[in-house]
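K.L.:
Dropping the structure in here first, questions after.
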Ligand SMILES: [Zn+2]
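In the numbering used here, the protein residues as written are 217 to 426.
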């Protein structure tokens, strides 16, 4: 059986749910399902990043935060090496007005002997509207403060979207809390966030898969 020639990788990926892209073993993007990609980019305030413009880019340059890049490099390497045929995990990718639970799958596509490409598919499992939290309006808060007024950036876990709360009063240690709780506790909704991975996600998402 042969495929009709019109069935390109891009069209096939469009038929799949969510954001779907294929990379080569070093992480360079080879093909993207443009419908899912465009929706994702618009939702995340990156509508300038069209699906055509990301082909040839490394998936790792699209990620923010050194520990996050490192986590994805390790997951990708586990699939490329064949140690893991497929890795799946749930993660959060909130927008200012909704909590979104996502499921990522990273699958190796094997040639005659080795993994020749890696398929990424990110699907939304649920989206629950909530009162707007400015913290997640990524592109609107840049440069709101003068640099001299800038506080220490608050770490945000890219996987669970919790923030590291560092209470000013002594005796209580820092802990990872949800954004709504952060704002309730007196956290600055305009604070600068720095993307990272919390210990719990490092232990539960990354460690078992690499
Ligand atoms: Zn986390």
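All C-beta atoms, glycine included, are put in the ideal place defined by N, C-alpha and C.
I need the DSSP call for residue 256, collapsed to helix, strand or coil.
P.N.:
The residue you call residue 256 lines up with position 40 of the chain shown. Of the three classes helix, strand and coil, the one that applies to residue 256 here is helix, per DSSP.
K.L.:
Using the three-state DSSP reduction, which class does residue 351 fall into: helix, strand or coil?
P.N.:
Reading the chain shown from its first residue, position 135 is the one you call residue 351. It is helical.
K.L.:
Where do the N-terminal and C-terminal ends of the beta strand (DSSP E) with residue 371 fall, by residue?
P.N.:
Along the chain shown, one-based indexing puts residue 371 at 155. Its beta strand (DSSP E) spans residues 370–373.
K.L.:
Since residue 341 and residue 319 should fall inside the 8 Å C-beta cutoff, what is the C-beta to C-beta distance between them, to a whole number of angstroms?
P.N.:
As a first step, residue 341 must be located in the chain shown, where it is residue number 125. As a first step, residue 319 must be located in the chain shown, where it is residue number 103. Contact holds; Cβ gap of about 5 Å.
K.L.:
Assuming residue 234 and residue 338 are in contact, meaning their beta carbons sit under 8 Å apart, how far apart are those beta carbons, in whole angstroms?
P.N.:
Here residue 234 corresponds to residue number 18 of the chain shown, with the count starting at 1. Here residue 338 corresponds to residue number 122 of the chain shown, with the count starting at 1. Confirmed, about 5 Å.
K.L.:
So who's on the other strand from residue 205, going by DSSP bridges?
P.N.:
With the chain covering only 217 through 426, there is no way to say anything about residue 205.
K.L.:
Does DSSP classify residue 361 as helix, strand or coil?
P.N.:
Locating residue 361 in the chain shown gives position 145, where the first residue counts as 1. With a pLDDT of only 49 at residue 361, under 50, the local geometry of the prediction cannot be trusted, and the value read off the model is given with reservation. Looking at residue 361 - three-state DSSP - the assignment turns out to be coil, as it is neither helix nor strand.
K.L.:
Between the Cα of residue 375 and the Cα atoms of 408, 332, 392, 383, which residue gives the shortest distance?
P.N.:
Here residue 375 refers to the residue found at position 159 of the chain shown. Comparing Cα-Cα distances from residue 375 to each of 408, 332, 392, 383, the minimum goes to 392.
K.L.:
Specify, as a first and last residue, the run of the beta strand (DSSP E) that residue 238 falls within.
P.N.:
As a first step, residue 238 must be located in the chain shown, where it is residue number 22. From DSSP, the beta strand (DSSP E) with residue 238 extends over 235–239.
K.L.:
Determine contact between the segment 402–420 and the segment 267–278, defined as no fewer than three beta-carbon pairs at a distance below 8 Å.
P.N.:
no
K.L.:
Taking 6 Å as the cut-off, is the CB of residue 375 close to at least one heavy atom of ligand 3?
P.N.:
No copy of ligand 3 occurs in the structure displayed; its ligands are ligand 1 alone.
K.L.:
Can you give me the Cβ contacts of residue 244 inside the same chain, cut-off strictly under 6 Å, excluding the 5 residues immediately before and after it?
P.N.:
Sequence index remark: in the chain shown, residue 244 carries index 28 (1-based). Same-chain partners within the cutoff: 274.
K.L.:
Going by the C-beta, is residue 431 closer than 6 Å to any heavy atom of ligand 1?
P.N.:
The question about residue 431 has no answer here: the residues shown for the chain are numbered 217 through 426.
K.L.:
Where DSSP assigns a beta bridge to residue 306, which residues make up the other side?
P.N.:
Here residue 306 refers to the residue found at position 90 when the chain shown is read from its first residue. 319, per the DSSP bridge assignment.
K.L.:
Excluding the five sequence neighbours on either side, which residues of its own chain have a C-beta within less than 7 Å of the C-beta of residue 276, listed in chain order?
P.N.:
Locating residue 276 in the chain shown gives position 60, counting from the first residue. Taken in chain order, the residues that qualify are 243, 285, 288, 289.
K.L.:
Using C-beta distances below 8 Å, list every residue in its chain close to residue 296, excluding the 5 sequence neighbours before and after it, in chain order.
P.N.:
Translated into positions along the chain shown, residue 296 becomes position 80. These residues qualify, in order along the chain: 241, 324, 331, 334.
K.L.:
Can you give me the Cβ contacts of residue 223 inside the same chain, cut-off strictly under 6 Å, excluding the 5 residues immediately before and after it?
P.N.:
Here residue 223 refers to the residue found at position 7 of the chain shown. Excluding positions up to five away in sequence, the list is empty.
K.L.:
Taking the C-alpha atoms as reference points, what is the distance between residue 369 and residue 317?
P.N.:
The residue labelled residue 369 in the question sits at position 153 within the chain shown. The residue labelled residue 317 in the question sits at position 101 within the chain shown. Those two C-alpha atoms are separated by around 25 Å.
K.L.:
Please name the residue, chosen from 314, 373, 326, that lies closest to residue 344 on a Cα-to-Cα basis.
P.N.:
As a working note, residue 344 is residue 128 in the chain shown. Answer by Cα proximity: 314.
K.L.:
Measure how close the beta-carbons of residue 246 and residue 239 come, nearest whole angstrom, since I'm counting them as under 8 Å.
P.N.:
As a first step, residue 246 is located in the chain shown; it is residue number 30 there, counting from the start. As a first step, residue 239 is located in the chain shown; it is residue number 23 there, counting from the start. That belief holds up - the Cβ atoms of residue 246 and residue 239 are roughly 6 Å apart, short of 8 Å.
K.L.:
Do you know whose CA, among 298, 382, 349, 373, lies nearest residue 326's CA?
P.N.:
Within the chain shown, residue 326 is the residue found at index 110, counting from 1. Looking at the Cα atoms, 298 is the closest of the given residues.
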